[in-house]
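Protein chains in written order, with our numbering: chain V, 1 to 199; chain B, 1 to 199.
These notes are about the structure you will find just below.
There are 2 protein chains.
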Amino acid sequence: MDGSVKERLLAAARALFSEKGFDRTSVREIAGAAGANAASVSYYFGGKEGLYRAVLEEIWEELKRHFGKSMPENRPPMERIEGFVRGLFAFHAANPSLIRLINRELADPTPCFETVIVPHVERIAGILKSSISESVAGGDLREGTDPAIAALLLASMSNYVFLVGPVARRVILDPERSLEGLPEAILTVFRKGVACREA
Amino acid sequence: MDGSVKERLLAAARALFSEKGFDRTSVREIAGAAGANAASVSYYFGGKEGLYRAVLEEIWEELKRHFGKSMPENRPPMERIEGFVRGLFAFHAANPSLIRLINRELADPTPCFETVIVPHVERIAGILKSSISESVAGGDLREGTDPAIAALLLASMSNYVFLVGPVARRVILDPERSLEGLPEAILTVFRKGVACREA
DNA sequence: AATCGTTTAAAACATTTGTTTGCTATTCTA
DNA sequence: TAGAATAGCAAACAAATGTTTTAAACGATT
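What follows is the structure, given as structure tokens:
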């Protein structure tokens, strides 16, 4: 075991919460995986929920950094939109089963939702919506496009696969199919769906 | 209270499971809402999971009937595709917060997943994919369209809003915006995204 | 070396969970 | 009508959970 108990708890909690969700993970299980005692969860994080909150915040910080790179502010809006989709897929590739933690929170909010999730989602949604607005103004997307709806549909396509998980992926996609071409497919559908000129 | 205890349990369980999910709903809570005793859950359904399974099966039967009407087999494939989207939205409108139960199961499978969810999803996915294939063959959708990916993206757009629930809808869409025009927006994006001629 | 605050573990604790056990009332049947 | 089966409930039960308590080990500082 390397790292402090606190760090190990955080890492173990992250893995277990990601895989099974908040409710189906017990503090004893986390502590066991971290090679620590169950009491240390309350000691360091004030309880199970505090640990969960810490995990969520850690993830959002990473996602923020990630989007900071894939959606550069100084680039044209259409590039930021593409960066959103590609960045999301790349992040997932680097952290399998992790986005499910966030999405699970979107589907079934815990008390953390309002304090840690909403602000971050609002931020990303804001960037996405304004990028779309700018693209409309700049003539890259069709006049009359509703930024909120367009953002929602883009987020839908980009998130759903990860949300429904490998099991459901198996049912809809072919069993051994990779997600290789999906970001491009999404962008193509998005572009043709709301664009007024070919990319 | 009307109906037998068994029926009342089923109705209460359906409402509570839909709203809060399996883990966060206790049998005492269900029994209380049904005006019955907690023991009756084990008595009639063999346990909490049995009751949950019964609820899921009931919902799928309804959804099946619903899709049977909105996706008529004797109509052209593009109409079935439209029927999928409109039917899903209509079903949701009639049963708010209910599709979340199914989607929650997709995101976090319980033991019921393999036995009750997979077969039904496979069925719908099959219909969707073959409708898309036929549309491609018939010239309504672009040559080279991948039916599996197209079906996945359509399902993504149609399901995500309901999955993330009212709370997250608030964040992405405007607060008081209705879902009125969404099915048409989805179909437009889908058509333009993978169609080769305007609808 | 003694003392203080921090860290860790084991055990005890209080709750909540789903389920089972008896027992009572009702309903159907012979 | 007598008896058996079913329906329903309150209470008891066992297991699991998150948390608190208690105490021991450790490390730095004086």
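Each residue gets a CB set at the ideal place from its N, CA and C atoms; glycine is no exception.
Quantities reported herein were computed from a predicted structural model and do not represent experimental measurements.
- The beta carbon of His120 (chain V) is closer than 8 Å to those of Trp60, Leu63 and Lys64 in its chain, skipping five residues each way along the sequence.
- Inter-residue distance for Ile132 (chain V) and Gly181 (chain B) is about 19 Å (C-alpha atoms, whole angstroms).
- Taking 4 residues as the minimum length, the alpha helix (DSSP H) runs contained wholly in the segment 106 to 157 of chain B are 118 to 138, in order along the chain.
- For Gly87 (chain V), the enclosing alpha helix (DSSP H) has its first and last residue at Pro77 to Ala94.
- At a cut-off of 8 Å between beta-carbon atoms, Tyr160 (chain V) makes contact with chain B.
- Secondary structure note for Arg53 (chain B): its alpha helix (DSSP H) is the uninterrupted segment Lys48 to Ser70.
- Between Leu128 (chain V) and Leu154 (chain V), the C-beta gap is smaller than 8 Å, which places the two residues in contact.
- In the structure shown, Ser40 (chain B) falls within a helical segment according to DSSP collapsed to helix, strand and coil.
- For Asp23 (chain V), the closest C-alpha among the options V:His66, V:Lys6, V:Leu101 and V:Asn37 is that of V:Leu101.
- Taking all protein chains shown into account, Gly138 (chain B) has fewer than 16 neighbouring C-beta atoms within 10 Å of its C-beta and is therefore exposed.
- For Phe17 (chain B), the enclosing alpha helix (DSSP H) stretches over residues Val5 to Lys20.
- The three-state secondary structure of Gly181 (chain V), taken from DSSP, is coil.
- For the segment 107 to 126 of chain V, the set of residues with a beta-carbon nearer than 7 Å to any beta-carbon of chain B comprises Ala107, Asp108, Pro109, Phe113, Val118, Val121, Glu122 and Ala125, in chain order.
- Annotated as distal: Val85 (chain V) and Val189 (chain B), with beta-carbon spacing of 8 Å or more.
- Interface with chain V (8 Å Cβ-Cβ cutoff): Lys192 (chain B) is included.
- Interface criterion not met: the Cβ of Gly47 (chain B) is under 8 Å from no Cβ in chain V.
- According to the DSSP assignment, Arg28 (chain V) belongs to the alpha helix (DSSP H) that extends over Val27 to Ala33.
- Listed along chain V, the residues sitting closer than 7 Å to Leu173 (chain B) by beta-carbon distance are Ala148 and Leu152.
- Taking 8 Å as the threshold, the shortest C-beta distance from Asp140 (chain B) to chain V does not fall below it.
- The criterion of a C-beta distance shorter than 8 Å is not satisfied by Tyr52 (chain B) and Leu9 (chain B).
- Arg100: these are the residues of the segment 67 to 100 of chain B whose beta carbon lies less than 7 Å from some beta carbon of chain V, given in chain order.
- One finds Asn103, Leu106 and Ala107 in chain B with Cβ atoms closer than 8 Å to the Cβ of Val164 (chain V), taken in chain order.
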